[in-house]
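What follows is a set of notes on a single structure, which appears directly below.
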Amino acid sequence: MLPASLIPHIALAGALLGLLLPIGTFIGTNSFLFHLIFFAHLVVHLRAVGTAIRDAFAVLQKGWLERSIGACIALPFFMILICLAFLPITARDALIHHIAVPKWWITAGDIIEIPWHHWSYYPMLIELASIEFLSWHFESAITLYQVSFLILLIGVLSQFAKSTSKTTAIATLLAITTPIIVRLSSTPYVDLPLVVYGLGAFHILITNSKMTWHYAIVAGSLLGLCAATKYNGLLFAAVMGLAFLFKYRTELTKLFPGLLLSGGVIAFPWYCKNYILTGNPLFPLLPEVFGTTDTLVRAPEVTKELLQSTVPTENGILKILSLPFQMMLTGQDGNPAFFDGILSPVLLFAVFSLFSKSHRRVALYGLSIFLAYSYGAIALSGPRTRYLAPVLGVLVLLAALGLEHLLHILRPRLRQALTLLIVCFQAIWGYSYLYTQVRERSAIAYFTGETSKSDYIQRRVSEALLANAINIKLSEHSKTYLLYTGNRYALYDHPVINSGYYSDRLLLTWILHSSSPEEIRLHFQSSGITNVAIHRKRYESAFKSYLAQGFLSSSDMSNWNTFVATYLVPQFEVGPYQIWSLKDAKINE
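Numbered according to numbering that gives the first Met the number 0, the sequence shown spans residues 0 to 588.
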């Protein structure tokens, strides 16, 4: 049976948000219709949040375990997460694209193409909400919006086991205290909505013996929302779509049209946009399949401007197959060699759900979907904990069901002892991570006024020093090429440019395709660039390496050095950064 309001309202809210893409593209992000549809989305979204709170509260007051989890863990966690939402945004990916791209769209007044910024071609459903929040000058609302999805996650979990409140309570405990979920709900990333959409679709899959148009439309909408949120959501939609087709293979006439139509209407515009602009619906991914409009040179990697993802290629097949389970045991934040994220060992109890007769069907579908998606994501993107987002809700549910089964077969005294042990362990696991977040993010110093917003950002993001200097000292009509600075574009109030992930590709293309310093100058002028900002140490190291490797010839270096000496004037230095101005640059006002 489909819940009366929660999951359909989640799907409806997401569909309304998706309407902002064509409206913002063809009418404008500052149009009355754009604001009206966002307001409608917000009303439906908040109603779903209210329903989730009601359903979760109804469960978390039935027994001592439920009340303990609700009062001692859930409420304090949410209070701290709400406080963390009011910290200035310093998360790496948020400053590179989750916040930067909506800021550029607001400045342009339309959802425009940003050819040099490859991240802007990714599906950006959740970033559409950020356009409104940023236009209100209320950045914290972006993170509060993510907190609301944690509430929705708990609400969806409560739909699975209303008759077994302990299962829902344990699932709630895991959802709130698993570190990667804490991280996603306290930063402006867009992965937590994937958790909710994925779990909602899974609920429809396993709780309905027969398929109807209503179920198919809601399920398809949720899968479309996954595909419109991130590229890994498209992979999940494909895996889940196959699960739907397998289960309801005798009802394809009812299932397939509704599933495909509703999902396609939501997701198709993002991929159609990319195809029209680049010829590749998945740009910048899979250029070997779809081709690419990217004509920039690819240089040897010699700098570490961004956090790199590493995929161990020397591991055997058993090592690779064990990666999803290793993530539950050995994850570390900020370390791609250890999956750049932390889960919880308690999630391994998901395996025990297979031994429960009453939940075996759920376990078989859930574990099959989890493993199929996980191995697909690892093969395509590498082993990153955050990339498991679409199946995290399913994993949390299965772990709760596995624990329920394990506790059920134990003697009462042992059952109570093990229950208390697991709850205490997971609570300590989550609280210790939350404490680490509060300490590492200097939350107390910021909220007590010891640190100003500007100082807070500069201490946590080194590039903020450069951004503040450019915002203050350069004209608002200037346009700065950022070379090896770190690419935290959202920090800049003035126009900036480079070639995205590898900031030097555009510059190197100009150097290699120019026969004289004057030609390099013409490239700068035609792009409207008035200034160049460099990280001196990275710049010197990179160009020295390019020359040594033969990527740049002595003639190329001579042209570049002559261009620097002739046409670039040192303007000022700040920390490790140096800012040059281009002689006789035309400022477009």
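For glycine and all other residues, C-beta sits at the position ideal for the given N, C-alpha and C.
Values in this document were obtained by computation on a predicted structure and should not be read as measured data.
So Val181 packs on Leu433, CB below 8 Å; how close in whole Å?
6 Å
Please report the distance separating the alpha-carbon of Cys271 from that of Ile110.
Looking at the two C-alpha atoms, the distance is approximately 14 Å.
Endpoints, beta strand (DSSP E) assigned at Glu572:
567–573
Own chain partners of His44 with C-beta closer than 6 Å, once the 5 adjacent residues on each side are dropped:
Ala12
Using C-beta distances below 8 Å, list every residue in its chain close to Ser373, excluding the 5 sequence neighbours before and after it, in chain order.
Leu322, Pro323, Leu387, Val390
Apply the 10 Å Cβ neighbour rule to Thr252 and answer buried if 16 or more other Cβ atoms are within range, or exposed otherwise.
exposed
Looking at Ile265: is its Cβ nearer than 8 Å to the Cβ of Ser208?
no
Cβ distance (whole Å) where Leu346 is taken to contact Leu394 below 8 Å
6 Å
Between the segment 396–410 and the segment 348–357, do at least 3 Cβ pairs fall closer than 8 Å?
Counting C-beta pairs closer than 8 Å gives three or more between the segment 396–410 and the segment 348–357, which meets the contact rule.
N-terminal and C-terminal residue of the alpha helix (DSSP H) that Val58 is part of
31–58
Using only alpha-carbon positions, find the residue among Val495, Ser557, Phe267 that is nearest to Glu475.
Val495
My assumption, with CB atoms under 8 Å, is that Thr479 sits in contact with Asn530. Please give the rounded CB distance.
4 Å
Alpha-carbon to alpha-carbon, Arg410 and Pro311
Legend: pLDDT at Pro311 = 49, less than 50; position of this residue unreliable, value from coordinates given subsequently. Pro311 and Arg410: Cα-Cα distance of roughly 44 Å.
Can you check which of these residues, Ile6, Leu233, Thr294, is closest to Ser380 by C-alpha distance?
Leu233
Which of helix, strand or coil DSSP assigns to Ile578
strand
Residues bridged to Leu481 (per DSSP):
Ala532
Sufficient close CB pairs (3 or more, under 8 Å) joining the segment 193–201 to the segment 138–154
yes
Which partner residues does Val495 have in the DSSP bridge list?
DSSP, once it has assigned bridges, lists Thr479 as partnering Val495.
May I have the straight-line CA-CA distance separating Leu59 from His358, to the nearest angstrom?
22 Å
Cα-Cα separation, His117 to Pro87
25 Å
Beta-carbon contacts of Ala14 that lie in its chain and below 7 Å, excluding the five residues immediately before and after
Ser220, Ile265
For Cys271, the first and last residue of its enclosing alpha helix (DSSP H):
251–277
Using the three-state DSSP reduction, which class does Ile26 fall into: helix, strand or coil?
In the structure shown, Ile26 adopts coil according to DSSP, grouped into three states.
Are Ser343 and Thr167 closer than 8 Å when you measure CB to CB?
no
Assuming Leu124 is part of the alpha helix (DSSP H), what are its boundary residues?
Counting along the chain, the unbroken alpha helix (DSSP H) around Leu124 starts and ends at 124–134.
Residues near Ser477 by beta carbon distance below 6 Å, same chain, minus five either side
His493, Thr529, Asn530
Within the same chain, show all residues whose beta-carbon is closer than 7 Å to that of Tyr247, passing over the 5 residues directly before and after it, in chain order.
Result list for Tyr247: Met210, Leu254, in chain order.
CB-CB under 7 Å to Phe369, same chain, minus the five flanking residues each way: which ones, in chain order?
Val390, Val393, Leu394
Mapping the DSSP letters down to three states, classify Asp92 as helix, strand or coil.
helix
Can you tell me whether Trp104 is buried or exposed? The criterion is at least 16 other CB atoms within 10 Å of its CB, across all chains shown.
buried
Would you call the segment 121–134 and the segment 68–82 touching, i.e. three or more CB-CB distances under 8 Å?
no
Is it buried or exposed for Leu5, if we count other Cβ within 10 angstroms and need 16 for buried?
buried
Taking the alpha carbon of Ile275 as the point to measure from, which residue in Ser553, Ile36, Tyr120 has its own alpha carbon closest?
That would be Tyr120, whose Cα lies nearest to the Cα of Ile275.
Distance between Val296 and Leu417 (C-alpha atoms, nearest Å):
59 Å
Is the beta carbon of Glu462 sitting closer than 8 Å to the one on Leu482?
no
Can at least three beta-carbon pairs, one atom from the segment 530–548 and one from the segment 441–448, be found at a separation below 8 Å?
No: the two stretches stay apart, fewer than three of their Cβ pairs being nearer than 8 Å.
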